[in-house]
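Going letter by letter, the sequence shown gives residues 803 to 1730 in the numbering used here.
Ideal placement from N, C-alpha and C gives every residue a C-beta, glycine not left out.
Contents: one structure, followed by commentary.
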Amino acid sequence: MDTKIISQWTLSNKEAQQRGLDGSFDNMVANLDETIQAEIAAFINNGQANKNKPLLNALNSCFSTVESEFKAARWISFEGDIFFDKDAKGFWMLCEDKIKNFNKNNGFTSGELCADVVEIINSELEDAFNEWGVPSLSILKCLTNLSNTPFKISNGRYSFSAYSLYKNENKVQGFDCDRSILKVSSFGRCLPYLPQSDVAELGDKGVFINAIYSGFIPPKLKDNELYKSLIVALNYSKKAAIEGFKDKTQVLEQLIQQKIFNILLLEDFIRADIAPYQEKILEDTELGHWSLWTEELDSDAEQVIDLPTPMVARDPKSSINDGVVAIDFGTKSTVVVYQKDNVNIHPMRIGTGDLSKDIQAHHYENPTIMEFRDLDAFISAYSAKANKPYTRWQDLTISHTAKNALEGTDSSKFNTFLDEIKQWAGDKNRKLKVVGQQGKVIDLPPFLELTKDDFNPIEIYAYFLGLYINNLNNGIFMDYILSFPVTYEMPVRDKIIESFERGIKKSLPSELGADTIEHLTVTKGASEPAAYALTAFKSHNFDPVDDEHIFYGVFDFGGGTTDFDFGVFREAQGAKERRFDYVIEHFGAGGDKFLGGENLLELLAFEVFKKNRVALLEAGIQFEKHPEKDAFAGSEQLLSYSQEAKNNTKKLCIALRPFWEEHDDFSIDSSSSLSITLTDSRGIQHSAFSLDVDEEELRQLLSDRIERGVENFFDALRLAFSHSEAQLSGIENVNIFLAGNSSQSSYVTALFEKHIALQDEEIGSEGQSHFKLFAPLGADKTNIEKPTGKTGVAFGLIESREGGNIKVIDRNVSGEDIRFKYYLGENRKGKFKPIVDRENKFNEWVEFIDAGYQKFELYYSEQPTSSTGKVLASDDSIKKKSIKLDLTDDEAMVYIKIISPTQIEYVIADEQGIKNNIYLNEPQSIEL
803 MDTKIISQWT LSNKEAQQRG LDGSFDNMVA NLDETIQAEI AAFINNGQAN KNKPLLNALN
863 SCFSTVESEF KAARWISFEG DIFFDKDAKG FWMLCEDKIK NFNKNNGFTS GELCADVVEI
923 INSELEDAFN EWGVPSLSIL KCLTNLSNTP FKISNGRYSF SAYSLYKNEN KVQGFDCDRS
983 ILKVSSFGRC LPYLPQSDVA ELGDKGVFIN AIYSGFIPPK LKDNELYKSL IVALNYSKKA
1043 AIEGFKDKTQ VLEQLIQQKI FNILLLEDFI RADIAPYQEK ILEDTELGHW SLWTEELDSD
1103 AEQVIDLPTP MVARDPKSSI NDGVVAIDFG TKSTVVVYQK DNVNIHPMRI GTGDLSKDIQ
1163 AHHYENPTIM EFRDLDAFIS AYSAKANKPY TRWQDLTISH TAKNALEGTD SSKFNTFLDE
1223 IKQWAGDKNR KLKVVGQQGK VIDLPPFLEL TKDDFNPIEI YAYFLGLYIN NLNNGIFMDY
1283 ILSFPVTYEM PVRDKIIESF ERGIKKSLPS ELGADTIEHL TVTKGASEPA AYALTAFKSH
1343 NFDPVDDEHI FYGVFDFGGG TTDFDFGVFR EAQGAKERRF DYVIEHFGAG GDKFLGGENL
1403 LELLAFEVFK KNRVALLEAG IQFEKHPEKD AFAGSEQLLS YSQEAKNNTK KLCIALRPFW
1463 EEHDDFSIDS SSSLSITLTD SRGIQHSAFS LDVDEEELRQ LLSDRIERGV ENFFDALRLA
1523 FSHSEAQLSG IENVNIFLAG NSSQSSYVTA LFEKHIALQD EEIGSEGQSH FKLFAPLGAD
1583 KTNIEKPTGK TGVAFGLIES REGGNIKVID RNVSGEDIRF KYYLGENRKG KFKPIVDREN
1643 KFNEWVEFID AGYQKFELYY SEQPTSSTGK VLASDDSIKK KSIKLDLTDD EAMVYIKIIS
1703 PTQIEYVIAD EQGIKNNIYL NEPQSIEL
């Protein structure tokens, strides 16, 4: 049985409390205050009829009956001779019979204690809604010089008596209200006065709300049952006051019904801004709601909630899809695709709550960014429930919402956004500071040192992805594949897998049951560029047969980094491969850490700011240092990591984005300047700050930096093929696939064509090129479900999944981890000369330099171009470490060996000793 119709909803006490539900009607009403105040506010602000707002509808209905009376110039009449006075800003009780009964019709003597008078009049009035009082002199004078009133007057005042009371400090004082006298007197009658509440200051509708709270009934609504139910709804806690109306609970019952509907239909809207579910989900036996299916929940004490109407509960186990989800967790954006019960793969819209909106290509690219609004509230809610906790989107947002907020924020909130989640994970030494807009600050260690009890941004990001993937619209997925850059070490990959698994499990409904939730798995897929290669092969209809080997290289030029991958695609052969159709074997990898679309924008921004340094110094405006650039004259006052500096860099990047993305309608103005709003170090904004910009310089800067990346690609390709069984000169051609959004730049194609020609010339091609270049996928903009240069990675993850028909062999992994990340060498005549490269094996000593001097310098780089021996030692990509030996020996050498992808050891030994593991000192380790 997948669904069932229920009339009662059974919950544990804790679950009911977290949802704001209770089996007791009185307690349910007590939980309605926020809803009541919201609907009152909507009424006052002229909210229109809405079937989901019963209180608003009742208020609108009743007010429409008496609206003309409430628009009166001064007086509004109520049953019981009660009048609202717009001049006095309060209510008068002018019932002659009741006033006579005060103090046995004797009036009050001036000088009596005001508190005693108030006690007497309220005991006589017996008004359980209100405590009436004595007006001040200024208020009492509003009842003098009267005309055109809804009650009898004489000599310009209330007709019953000329003598009335006003409050004078803590006593009462008589006053003659006759138009011709208006003087104090020795005694007076008390005309009870009730000042308006704050809500009455909001106009006629505010006075109407004030009247309901006070239990006053306009004559036209004397017999109106709906109005009486409004009095009960707004005064339910005043049991004595509503005794005569206690059966008039129509509005409260509707509010409770709507609250239950809202809890069920808005739960993911509140959590993740996902569009509210349709009511039909609670009515249709083919649909049903998971939250109403409580058979798997552990509960000792129970709350039984009577549902306002029978509803359909659905067993969430019946919503589990026979399928797989692939996640390309990107530096700047994340892509999700899925496959269900057939071979078709579809992209999934993530971070776009309203799925009824027209589909746009960018819906499939989810910005990898978080905004921390109220960290305490979010963490408290997240920790309070094991699965699908009651977190609120208003406390922490991600994706398009966070990205849009960042672009419009002021500098004071800049640090409350986190858009370097993946960079933090990939850097073993990088710490992180999470800052909430309410002031909470969390200092996090490097990602690998994070404990299960620490706040984990990657887990939280995965939790939100899980909410978008697993919901009543999509069903539930239990099998996930995650991609990684080729340069990520295995411990980092494993911890990201663990974080994603915890976050996605957290997003699942507890109604699934703990045992079922534990079956969810997140596994490592092919590397990002290799996954893309598979998608490209399929999209371009490559079909190797027999012994045909199709060689390839991928240039994955993304937002944050560029990855390279090299390998061969062939038909599966032999008994051990018979379950597969194809085999992809990637035997080489590399990358360019700072070549990414966003990094290029930051590079452009740095150079523009540097060009305008004189004006910036005068204004006290700072900016961020680019990781590939050195300090310069005057930079000590210009470069900073402050919120203002980061915000300035971000604002200029936004302004330069159309230039980098080559928008047709963008150009620097005729004066070669760009005007943007920048913030100085004191937090003061400078609107329309003019920056000199030289378009040709920027174009050359882009071309030079991208060309360096292309050169790195071909050097990495040369190295990969030189260490494989295939030599470039003997290969007919290598297919080069451009991937990533940034590969759409015209610079990329032009530079690749240039360097392909150079490579062909070097190899010695005669007429036919050794390389074939393929543009990024997604040229057909009309078919947004097809893989693109960005989404192709996620498609390839599913193609290469375990159990699929493509076998993936990864030669880039050395033992239990990836290969060494660096090229080590020395500075010879101003150029970097490599000695150890990425192909060296782990734990093998390599002779590096003589041990005759106490100090030596170790140069290293991640860039494949450094393997050529032609790169200047002063190049920004070359780093240096100075090492001091603990002894010297003219007959010995310093040896180096690789012990991890980023760690080496060095030791002093002679030629014979190194072979027999006999050293002259203890091996020393260095983390690069």
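Three-way DSSP call (helix, strand, coil) for residue i in this model
i	result
Asn1273	strand
Arg1194	coil
Leu1310	coil
Met1292	helix
Lys1635	strand
His1321	coil
Glu871	helix
Pro1118	helix
Asp899	helix
Pro997	strand
Lys1588	coil
Glu1167	coil
Thr911	strand
Ile1600	helix
Asp978	strand
Met830	helix
Trp934	coil
Gly1355	strand
Gln1141	strand
N-terminal and C-terminal residue of the beta strand (DSSP E) that residue i is part of
i	result
Gly892	892 to 895
Ser809	805 to 814
Tyr1282	1281 to 1286
Asn1537	1536 to 1541
Thr1211	Here Thr1211 belongs to no beta strand (DSSP E), and DSSP marks it neither H nor E.
Tyr965	965 to 970
Gln839	First-last for Gln839: 835 to 846, but that is the alpha helix (DSSP H), not the beta strand (DSSP E).
Gly1369	1364 to 1373
Arg1510	Run containing Arg1510: none in the beta strand (DSSP E); it sits in the alpha helix (DSSP H), 1497 to 1524.
Tyr1625	1625 to 1630
Integer Cβ distance of residue i from residue j, believed to fall under 8 Å
i	j	result
Ile1044	Val1034	5 Å
Tyr1334	Ala1541	4 Å
Gln1570	Phe1516	That belief does not hold up - the Cβ atoms of Gln1570 and Phe1516 are roughly 18 Å apart, past 8 Å.
Leu1599	Ser1285	6 Å
Phe1644	Ile1651	21 Å between Cβ atoms; not a contact.
Lys1588	Glu1379	Not a contact, Cβ separation roughly 29 Å.
Arg1613	His1388	7 Å
Lys1574	Ile1538	7 Å
CA-to-CA distance, residue j to residue i, given in whole angstroms
i	j	result
Leu1109	Lys1061	11 Å
Ala844	Gly1393	56 Å
Val1009	Ala874	12 Å
Leu1458	Leu1403	7 Å
Ser826	Thr1096	20 Å
Phe872	Ser1031	20 Å
Ala840	Ile1486	37 Å
Ser1524	Thr1363	25 Å
Gly990	Arg981	16 Å
Ile1698	Ile1706	7 Å
Thr1318	Glu1724	52 Å
Glu1438	Gln1225	26 Å
Tyr1192	Gln820	8 Å
Glu1167	Gly1360	12 Å
Ala832	Ile1065	16 Å
Ile1200	Ile1283	21 Å
Residue range of the alpha helix (DSSP H) that includes residue i
i	result
Pro1331	1330 to 1341
Val1385	Unbroken run through Val1385 is the beta strand (DSSP E), 1384 to 1394; no alpha helix (DSSP H).
Phe1461	1445 to 1462
Would you list, in sequence order, the uninterrupted alpha helix (DSSP H) runs of no fewer than 4 residues that lie entirely inside the region 1643 to 1718? Fully contained in the region 1643 to 1718 are the following alpha helix (DSSP H) runs of length 4 or more, in chain order: 1713 to 1717.
Contiguous beta strand (DSSP E) assignments of at least 3 residues, all confined to the region 1052 to 1117: Given a length threshold of 3 residues, each whole run of the beta strand (DSSP E) inside the region 1052 to 1117 is given here in chain order: 1104 to 1116.
Runs of beta strand (DSSP E) lying entirely within the region 986 to 1038, each at least 3 residues, in chain order: Qualifying beta strand (DSSP E) stretches, in chain order: 995 to 997.
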